[in-house]
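Take the sequence shown: its letters are residues 29 to 65, numbered as in this note's numbering. One structure is given below, encoded as structure tokens.
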Amino acid sequence: MSAAGEIKGITPPDIRLRKGQTPLVCLTAYTTPVARL
């Protein structure tokens, strides 16, 4: 069971509306061992 809720996609207009407000956070895992951290 996961504690994460439903994930909604973000569109370019959504990004424009958030300018100057809540920062966007992004995480990329390039390898499986890094993804497990």
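Glycine residues also receive a C-beta, built at the ideal position from the N, C-alpha and C atoms.
Whether residue i touches residue j by CB criterion (8 angstroms)
i: R46; j: L52; result: yes
Close Cβ partners of residue i (< 7 angstroms) along its chain, the five nearest in sequence each way excluded
i: R64; result: none
For residue i, the first and last residue of its enclosing alpha helix (DSSP H)
i: R44; result: P40 to L45
i: P51; result: Careful: P51 lies outside any alpha helix (DSSP H) and carries neither H nor E.
i: A57; result: Run containing A57: none; DSSP gives neither H nor E here.
Same chain, Cβ closer than 8 angstroms to residue i, five either side skipped, listed in chain order
i: I43; result: L52
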